[in-house]
Every structure is written in structure tokens, then in C-alpha cells.
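Heads up: the sequence shown runs through residues 7 to 121, numbered per our numbering.
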Amino acid sequence: MNELAPTLADFARPVLQPLADDTPLTRRREALGLAVLVWNAVILDRNGGDHVATLLEQLARVPGPGGSILRQLAEDLVARKEDRFPDDLRIVARWALTEVAPGQLSLEVEGAPVA
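Laid out in C-alpha cells, this is it:
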């Protein structure tokens, strides 16, 4: 069940690594959630969709400077997926990031093939 977790953690590193050690778990989940959205959108687009474009448009509409920052992060993740994980077509069906001990996180991921 968790074989996708190391791959997803590696993929999400650019949005997770800059977070300070005391970053709340909810913020870490938000960062990982962005990575999951991008991961799945890139895979779904291989079947002729426009999920990435739609996601980027939605992120750009976030008010204030956050929108452009989120869009740039997502664009960087799209490039990372296409460059480092082009043949990994497992959809992230479910994921959970939990704190198992102070400062120790656990990532569980359930992948599924593209339907």
C-alpha cells in the first residue's frame, strides 16, 4: 500500500523541504496536497485532458501574491514530474500525512492505475 510514498515524498521535496521544523502539520499537508494535485493532473493529461492548465488557472486566481507563488510552485512541480517521473503513471488515490511522534512524520499513500 505504501510503495508510492517514497516516490511522492521525493517528488514533493521542493515544496516540503523549505518548510521550517516547527511548521504546523496542517501547512505541511497543504504543501503535500498541492504536489498530489499536480502529480495526478500531469498523469490524467496524458489521456488528453487539460487538468494541468485548469489547475494553473485556478491557482493564479488566488488573491494577492499567493496566487502567483502557488502557480510558480505548481509549474515547477509539473516540470519535475515530467523530468524525473515521466513513466510513473500511478494516480494518488489516497494519502495521509500524520505525526507519529514529535517531529516525526509518517506518509501513507495508496496508488491506483489510471482508469
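Ideal placement from N, C-alpha and C gives every residue a C-beta, glycine not left out.
Burial check for R96: the Cβ neighbour count within 10 Å reaches 16 or more, so the residue is buried. Counted as a single uninterrupted DSSP element, the alpha helix (DSSP H) harbouring Q64 occupies residues 57-66. Residue range 31-51 is occupied by the alpha helix (DSSP H) that includes A41, with no beta strand (DSSP E) assigned at that position. Bridge pairing for Q78: absent [DSSP]. The criterion of a C-beta distance shorter than 8 angstroms is satisfied by G73 and A66.
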